[in-house]
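Residue numbers (this note's numbering), protein chains in the order written: chain A, -13 to 279; chain B, 95 to 380; chain C, 120 to 470.
Here's the structure we're looking at; comments come further down.
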């Protein structure tokens, strides 16, 4: 039962990683850059929800929508100001800029909201599901997280395969030059990608803080890095890959913390990243599913 | 014997295996021998059944329309790509397990179609990088400035100037390589390749962007290099004056396959070659 | 155009200025005409200069972004502390200078060995992946150091992983780190380490190996086609930098009374990266200036404490935009006409 409970927790944490990883994987697939600041957009999203719910007493759904809108705008602005001017630059320059952006967000949040952790309110007010005569209890947030992950995953897959914009995204990720020649507006496609990734980041922020309710300016950075690990694990550029990678990584982290060592939980996650990159740099689904988005 | 006469005095003769090499190279082992070489990109056979034998001091040409697979063959020969099929032998040594670095150490040096100089380094430093495995000293000699460092640096300097002198570029030694005019950059790439002490020099469109006068000079220099260093040269070129002027053996490629092989005279008269270059109105190629 | 002569002059001026500053500061210390805060900062400044210069070897000269440099500093610091404690308790070696030298060597050795072990797999990767894996290794080192316990009993060193039940006196106490360290680092030692670092990095850069490292950075395929073993030379830069970072760590660690493993977090790696970027990627004298300035300034501007990291972030982004965006570059050239011409060959090479 303890194992099962850990497993469920792992899947839940993994689902959050998966949603964050989607943002990384789409941006990496299309703009060919590691958007280091993505994790911090999550943090911003969580703070917005926190403020909306706590200070302005808005309903939960409205708070979430506001946060998604703010994050979308933030994502597009970051891309326009910092990354777009560097389209032709080396990956070293782009990555350093992205790290700078990550620090900018963290420290702006520090100035606005302070360093003291905020306790994230219990917004969803869900009941706990009791199974096996109460031996296994699953929190409502966990079920919502897993469900959200599945819905987002299906919606995104539909979006990239059915809609015109989704197809444009796949074109740009395959060959930016050729896509441009075919009349696809590459800049707009990249903007939309950032917008979607950032909106998802707001959802991820909400889910993350519902499960781990301590909010501070650095809240997003570690999950961000781990989610990138998940994206690489599943195969960068692949939507199902991000989901698979995220969930596996979540399970590995929780089980590692439970059965190996709490102190080494992060080390285990990073060890997984290193091993994956060395053994199979394309990730689990990187080659098999040629769906680059 | 003058350089030009060397070629004219040497008739092309068959090897026992049937391959054609210059008569003067008959006694020595062929510098390059490719058999059934091929590579697939996805389902496309970018190069297929490429067979070639080059004599010790032969100048050979690789021609064909754009996209015929010429540069791909250079990339195979230098192991930038791994061949899907076939074997490559350098002076009888199998190149199957070699990496790009090994291939260079074993004796193949190349230039690039899109020039790949170290643009921020000086001309001399570019040549010195070519001398990397020729005049060596270790990391610690370098850091501690041991006598070995001073001696080898002096050797590298002198050797670089000697090599640059072939193309009268010694005076440019301290110029930034990226600031050179196009033609000079191409010549510098050849010098840099020569510095690695190759047995076979691969030149990818050496005359591209050169004016007729420069091309004339280049032809002289390629033959000079061949005679001075006793090496073989395989070149890709679209300038037919250059190809017909200095190549002893020409290989015509189309759609990744050899469609004709022979001396310049034979190639010029070959109907398959004319068709590949000018196209045929009626029937498609069988 | 940077000819050999120009490079030689730059090196000599760099050495000269560093030596002159050392002499001036030493005289000032003797005259007691130096503020206490600055005096206390001299050794950390030396450590950060060594960190910045060594990271510049990786980022600037070898062209790879390493985000785990603080990890090597951590290894160096804690192995230096253990070495010093061991020599003092086990061998009654009282001479602090000798102990410091041995501790710095130990720090460099441990960091170098781990650097080599990490480098073998990491340097096969490229670009962003390499950066993220160095970050991962940095975090792993931090995590592992949090679980390491070392005690000394006579001449015997005892190691514990996740357990502090060791006989003797504890030198490293897991997450509590090292406590009651005998601070033996001196400014002279710091100066000598900076000089050593400069000699190693500048001489390496201007040698056969250095040219190979830069060739591998500028054009991988061309370098391989010239017979240069890319991984070998990337490794050379990476391990050399790790050794130097380990030495800097030992110097730093032995200047503090206490030191916790979490000190060497990802943030510290980024700090050092900020020094490198603001001093100029590939510009060694620049790294020295920015490391020194950015260590002193925050102390002087304490009232701006909260804005420091914000300013760093903005500076990082601006530095990248100004040096890499064609429009911004030409704008900068118009504003500052005497600025040396940016490399125009680069675009042609990358095309």
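Every residue gets a Cβ at the ideal spot worked out from N, C-alpha and C, and that includes glycine.
Since we're looking at a predicted model, the values are computed, not measured.
For residue 256 of chain A, the nearest beta carbon of chain C is closer than 7 Å to its own beta carbon.
Unbroken alpha helix (DSSP H) runs of no fewer than 4 residues, entirely contained in the segment 182 to 254 of chain A, are found at 207 to 220, 225 to 245, following chain order. Cβ contact annotation for residue 139 of chain B (same chain, cutoff 7 Å, sequence separation greater than five): 132, 350, in chain order. At a cut-off of 7 Å, the C-beta of residue 259 of chain C has a neighbouring C-beta in chain A.
B/178 is the residue among B/178, B/308, B/114, B/130 whose C-alpha sits nearest the C-alpha of residue 137 of chain B. As computed with DSSP, residue 306 of chain B is found in no beta bridge at all. Burial is judged here by how many other beta carbons sit within 10 angstroms of a residue's own beta carbon; residue 342 of chain C has at least 16 and is buried.
Interface annotation, residue 404 of chain C: not in contact with chain A, CB-CB separation never under 7 Å.
Sorting B/242, B/194, B/249, B/244 by C-alpha distance to the C-alpha of residue 221 of chain B places B/249 at the top. Within the segment 173 to 191 of chain A, not one residue has a Cβ closer than 9 Å to any Cβ of chain C. By the neighbour-count criterion, in which 16 or more other beta carbons inside 10 Å mark a residue as buried, residue 164 of chain A falls on the exposed side.
Bounds of the beta strand (DSSP E) holding residue 123 of chain A are 122 to 124. Within chain B, no residue has its beta carbon less than 8 Å from that of residue 400 of chain C; the closest one is some 13 Å off. Per the Cβ contact rule, the segment 226 to 237 of chain B is in contact with the segment 315 to 323 of chain C (3 or more Cβ pairs under 8 Å).
Residue environment for residue 348 of chain C: buried (at least 16 other C-beta atoms within 10 angstroms of its C-beta).
In the three-state reduction of the DSSP assignment, residue 41 of chain A falls in the coil class, being assigned neither a helical nor a strand state.
Chain C places a beta carbon closer than 7 Å to that of residue 227 of chain B, counting this residue as a contact.
At a cut-off of 7 Å, the C-beta of residue 429 of chain C has a neighbouring C-beta in chain A.
Counted as a single uninterrupted DSSP element, the alpha helix (DSSP H) harbouring residue 152 of chain A occupies residues 150 to 160. Within chain C, not a single residue places a beta-carbon under 7 Å from that of residue 293 of chain B; the smallest gap is close to 13 Å.
Here residue 63 of chain A is exposed. Its C-beta has fewer than 16 other C-beta atoms within 10 Å. Residues of chain C with a Cβ closer than 7 Å to the Cβ of residue 108 of chain A do not exist; the shortest Cβ-Cβ separation is about 30 Å. Residue 279 of chain B is not a Cβ neighbour of residue 171 of chain B, given a cutoff of 7 Å.
Annotation for residue 253 of chain B: the continuous alpha helix (DSSP H) segment containing it runs 241 to 260.
Fewer than three pairs of CB atoms, one per stretch, sit closer than 8 Å, so the segment 175 to 184 of chain A makes no contact with the segment 104 to 123 of chain A. Within the same chain, 144, 145, 146, 180, 182 come within 7 Å of residue 128 of chain B by CB-CB distance, once the 5 residues on both sides are set aside. If the five residues before and after residue 199 of chain C are omitted, its C-beta is found closer than 7 Å to the C-beta atoms of 222, 223, 225, 226, 368, 369, 372, 373, all from its own chain and listed in chain order. Restricting attention to alpha helix (DSSP H) runs no shorter than 4 residues, the segment 186 to 215 of chain B encloses them at 194 to 200, ordered along the chain. DSSP places residue 132 of chain B inside the beta strand (DSSP E), whose first and last residues are 126 to 135. Under a criterion of Cβ atoms nearer than 9 Å, the residues of chain C adjacent to residue 199 of chain B are, in order, 346. DSSP, reduced to helix, strand and coil, places residue 268 of chain C within a strand of the structure shown.
CA-to-CA, the gap between residue 244 of chain C and residue 255 of chain C works out to about 14 Å. Between the C-alpha atoms of residue 203 of chain A and residue 209 of chain A there is a straight-line separation of about 13 Å. Closer than 7 Å to the CB of residue 192 of chain B there is not a single CB belonging to chain C. Proximity of chain C to residue 252 of chain A at the Cβ level (cut-off 7 Å) is accounted for by 258, 262, in chain order. In terms of CA proximity to residue 219 of chain B, C/325 leads the group C/325, C/300, C/204, C/179.
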